[in-house]
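Residue 242 in numbering that gives the first Met the number 0 sits at position 243 of the sequence shown; the count goes up by one each step and never skips. Every residue, glycine too, gets a C-beta built ideally from N, C-alpha and C.
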Amino acid sequence: MATTERDYYELLGVARDAGEVEIKRAFRKLARELHPDVSDRPDAQDRFREVVEAYEVLSKSETRELYDRYGHAGLRGGGFTPGHFDLGNLSDLFSAFFGDDLFGGSVGRTHARGADIAAEVEIELVEAARGTTRQVPFHVTVPCAHCGGDGAEPGSEIQTCTTCGGAGRLQQVSRSVFGEFVRTQVCPTCRGAGRIPEQLCTECEGAGRAIEERVLDVAIPPGIHDGQRIRLTGEGHAGAEGGRAGDVYVLVRVRPDPRFVREGNDVFSTVDLTMTQAALGATVTVAALEGDEEITLEPGTQPGQVVVLRGRGMPVLQGFGRGDHRVLVNVLMPRHLDDEQRRLLDEFDRRVGEDTYRADEGFFQKLKSAFR
Ligand SMILES: [Zn+2]
Ligand SMILES: [Zn+2]
């Protein structure tokens, strides 16, 4: 049943004697404006459906003639139902118009692409810093070696599939926001091959594919972040009937390193100084991404002070340069003093002058920015 009683020529904004090209052009313009994915108009869906219907009727000479003569009633009398246009054609039309497939589907593709495979690896943060290689095992379907992928026992006859008549596809009417659509699906009998072997391959039982265990060397680039995926094109499952193989997506997990906190490309760590090291200055060893490193702290180093190891953070993934490594200074106070130590500290305290503990004005700012 028609979804609109509005005049199809009016809907497309063309004259009654408009030619094929003009109708196409008008439809293209309107479809672009009204497509529900791009239009903000609240009635975009309904308008789009009307326009598609109008185009459907006016773009074919039989339905256009019927409509010209008898109007909507004539179409109904002629058994016309909107939405039963050839989805393949409309889809092609849209890919020509919009540069992509409007219906996002594999319509018209007989040789189905193989499925993707998900794999996962876990690496250490320091490995993520320098990049590493991991062997990733996974199971993959490959074309059956015995039958070469066509599912037939070598030497047996191959017949045309009677379910789909050899097309490999079946058309199915489905409802969507645009009205009724003819959807194309892979024929379940022949699984899209269009042909059925008289005797199924004894190795793969007609599937044309076999399962193989494979190990891939996966190069993990320096600077990778936890949760990122590496795509290995064409290493996934084999496609049906010689279709393109799928891809492998390797999810990379970066194990947290208890010594470092990573934030973007920067890393943070802390270093403990004793009270006397902080007061007198010291050279200490800190853990860095590329191994231990010595840093020298000036006399009078304050807790909360940050030592920046420039360019010693994580590399920028697929870019240039590296983040920084910021080392936050913690100062340890003595917890247990014996009598002699207490006497010495008392003695020290008696000698404290005006300048000894001069406050650092920027201390609070520094503390705030340490782990920004
Ligand atoms: Zn086989
Ligand atoms: Zn079939």
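Quick one, are the C-beta atoms of residue i and residue j less than 8 Å apart?
i, j, result
"S58", "K23", "yes"
"D115", "G238", "no"
"P314", "A128", "yes"
"G167", "L316", "no"
"R311", "A287", "yes"
"N264", "R321", "yes"
"F26", "L124", "no"
"A118", "V253", "no"
Residues in its own chain within less than 8 Å of residue i by CB, not counting five upstream and five downstream?
i, result
"T132", "D216, V217, A218, I219"
"M274", "V330, L331, M332, P333"
"L33", "R40, A43, R46, F47, V50"
"T201", "H145, E152"
Can you find the residues in the same chain that come closer than 6 Å, C-beta to C-beta, to residue i, ignoring five residues on each side of it along the sequence?
i, result
"E293", "T282, T284"
"R243", "R112"
"L403", "Outside the shown range of the chain, which is 0 to 371, sits residue 403, and nothing can be said about it."
"T188", "C160, T162"
"Q276", "none"
"R8", "Per the sequence shown, the amino acid found at residue 8 is Tyr instead of Arg. So the list reads R15, once near-sequence residues are dropped."
"R309", "D323"
"T140", "R208, I210, H236, A237"
"T269", "L327, N329"
Rounded to whole angstroms, how far is the Cβ of residue i from the Cβ of residue j, which I believe are closer than 8 Å?
i, j, result
"P298", "G280", "4 Å"
"T183", "Q170", "6 Å"
"A72", "F47", "Actually they are not in contact, since the Cβ atoms of A72 and F47 sit about 24 Å apart, beyond 8 Å."
"P136", "V214", "5 Å"
Just how far apart, CA to CA, sit residue i and residue j?
i, j, result
"H145", "G207", "9 Å"
"T3", "E49", "6 Å"
"D323", "D271", "20 Å"
"R342", "G130", "54 Å"
"G233", "H138", "14 Å"
"A377", "A192", "What is shown of the chain runs 0 to 371, which leaves residue 377 out entirely."
"V51", "V13", "14 Å"
"Q383", "R325", "Since the first residue of the chain shown is 0 and the last is 371, residue 383 is not available in this structure."
"L10", "P41", "17 Å"
"L101", "G205", "Unreliable placement is indicated for L101, whose pLDDT of 37 sits below 50; the coordinate value is still reported in the next sentence. The alpha-carbon atoms of L101 and G205 are separated by roughly 34 Å."
"L327", "F267", "7 Å"
"G76", "G18", "25 Å"
"R357", "T300", "12 Å"
"A95", "R228", "Note that A95 scores 40 on pLDDT, short of 50, meaning its location in the model is unreliable and no value can be drawn from it."
"A278", "E126", "36 Å"
"V247", "E289", "31 Å"
"E346", "D354", "17 Å"
"C203", "E156", "17 Å"
"E211", "Q134", "16 Å"
"V172", "V185", "14 Å"
"G70", "A53", "12 Å"
"H224", "V307", "22 Å"
"Q340", "P302", "22 Å"
"Y66", "D6", "10 Å"
Near residue i, which residues of its chain fall below 7 Å by C-beta distance, leaving aside the five closest residues on each side in sequence?
i, result
"Q158", "R194, I195, E197"
"T295", "T282"
"E21", "V13"
Confirm the yes/no value for this check: CB of residue i, any heavy atom of ligand 4, distance under 7 Å.
i, result
"H145", "What this structure holds is ligand 1 and ligand 2, not ligand 4."
Q | Neighbourhood of ligand 2 [Cβ distance below 6 Å to any heavy atom], ordered by chain position | A | C160, T162, C163, G167, C186, T188, C189, G193
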